[in-house]
Ligand SMILES: [Zn+2]
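Residue numbers (the working numbering): 226 to 486.
Rendered as C-alpha cells:
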C-alpha cells in the first residue's frame, strides 16, 4: 500500500518531501517521522534530516542516528543519545537521523502508574488513553526497579543493515533509578512505516543511563498521554518506502530485534 493513501490503521498518514517537511511544523496531535522502519531494515542507514530539523517538528520522541550510532531520546526539546559504550550525551544538532519519530507533546491525560512490568505499565497507559485512539505518545516519570536496555554500535561496514547492528547490540541492566520513559504506540497496520505496538526509550533523571527499553519493572510513576491523529513521514529522495501493512514475517523479525521476543 502506498503511504500517500491517507488513513492507515486509524491515522492519517502523509508522505512529505524534504522541502515539504521543512515547511510542515507546528501542528498539534501530529507525529512527525524521519523515513520508515522498512527502509532501515533494508539498510538505508543514512538519513537527510538533521537532529536540529527533527527538533523543529517535536519535543518528545525517539529514534536513532546515522549508521545506527546509538539510541535517540528526545525529551523536553533536547536530543540525547545512548551509545553502545553506554555513554549518554547531548546530540550535535548537525548530526543526521535515518529513522526517528517526534511529536509536539501536549498531553491530554495524566495518571498514576502502579508497579509493573513493560506489559503491565503499557496496559495502564492504554487504559488512560482517550477512547478510540489509534496512535499514542507517552511520557512516564517513574522509579524503575530494573530496566533491561539496549543500544547498537555504529555500523561502518560497506553495506550495513539493521540486522548487523542488532547482532552487535549491547544489552545492559539499570537498577533502582529515577527515569523518564518516552515513546509511541502505533497500530498493527502501520507495520513497515513504524514499529507496531509500544516502542519506549528510557533516560535516567541524572542523564547518565539511557537506551531502548527491552524489559522494565517500575515501582510507581506518573504517565502523561496524548493521541495523534496524523503521522507525517519525510522520506528522503531515492529511498523506497517499501511495503506498508501488516506482514507477519517482518513483524516476527522486528519483534525479535526490538523486543528480544
Ligand atoms: Zn528503540
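Beta carbons: idealized from backbone N, C-alpha and C, even for Gly. In this text the structure is predicted, and so the values were computed from the model without any measurement.
Check                                                                                                                                                                          : Outcome
Just to confirm the assignment, what range does the beta strand (DSSP E) spanning residue 365 have?                                                                            : 360–376
Name the residue from 484, 375, 365 whose alpha carbon lies nearest to the alpha carbon of residue 445.                                                                        : 365
What is the DSSP secondary structure of residue 284, reduced to helix, strand or coil?                                                                                         : coil
Let me confirm a value: residue 405 is counted as buried when at least 16 other C-beta atoms fall within 10 Å, else exposed. Which label applies?                              : buried
Just curious, the alpha helix (DSSP H) that residue 447 is in, first and last residue?                                                                                         : First-last for residue 447: 435–453, but that is the beta strand (DSSP E), not the alpha helix (DSSP H).
Between residue 377 and residue 293, is the Cβ-Cβ spacing less than 7 Å?                                                                                                       : yes
With a 10 Å radius around its C-beta and 16 neighbouring C-beta atoms as the bar for buried, classify residue 243 as buried or exposed.                                        : exposed
Using CA coordinates, which residue listed in 322, 325, 367 is at the minimum distance from residue 341?                                                                       : 367
Taking only the alpha-carbon atoms, compute the straight-line gap between residue 447 and residue 370 and give it to the nearest angstrom.                                     : 15 Å
Can you list, in chain order, the stretches of the alpha helix (DSSP H) that have 4 or more residues and sit fully within the stretch 375–441?                                 : 387–392
Excluding the five sequence neighbours on either side, which residues of its own chain have a C-beta within less than 6 Å of the C-beta of residue 358, listed in chain order? : 452
For a test of the three-state rule: what should DSSP assign to residue 289, helix, strand or coil?                                                                             : strand
Kindly examine ligand 1 and report whether one of its heavy atoms sits closer than 6 Å to the Cβ of residue 437.                                                               : yes
Assuming residue 410 and residue 361 are in contact, meaning their beta carbons sit under 8 Å apart, how far apart are those beta carbons, in whole angstroms?                 : 4 Å
Does residue 347 come out as helix, strand or coil in the three-state DSSP assignment?                                                                                         : helix
Out of 414, 240, 270, 432, state which residue places its alpha-carbon closest to the alpha-carbon of residue 257.                                                             : 240
Helix, strand or coil, according to DSSP, for residue 270 in the structure here?                                                                                               : coil
Go ahead and label residue 403 buried or exposed: buried means 16 or more other beta carbons lie within 10 angstroms of its beta carbon, across all protein chains shown.      : exposed
What residue range does the beta strand (DSSP E) around residue 476 cover?                                                                                                     : Segment 473–484 is the alpha helix (DSSP H) holding residue 476; no beta strand (DSSP E) there.
Using only the alpha-carbon positions, how far apart do residue 275 and residue 282 sit?                                                                                       : 11 Å
Taking Cβ to Cβ, would you say residue 375 is nearer than 7 Å to residue 394?                                                                                                  : yes
Cα separation between residue 484 and residue 290?                                                                                                                             : 19 Å
Run through DSSP, which three-state label would residue 226 get?                                                                                                               : Because the pLDDT of residue 226 is 41, which lies under 50, any placement of that residue in the model is unreliable, and the question is left without a value.
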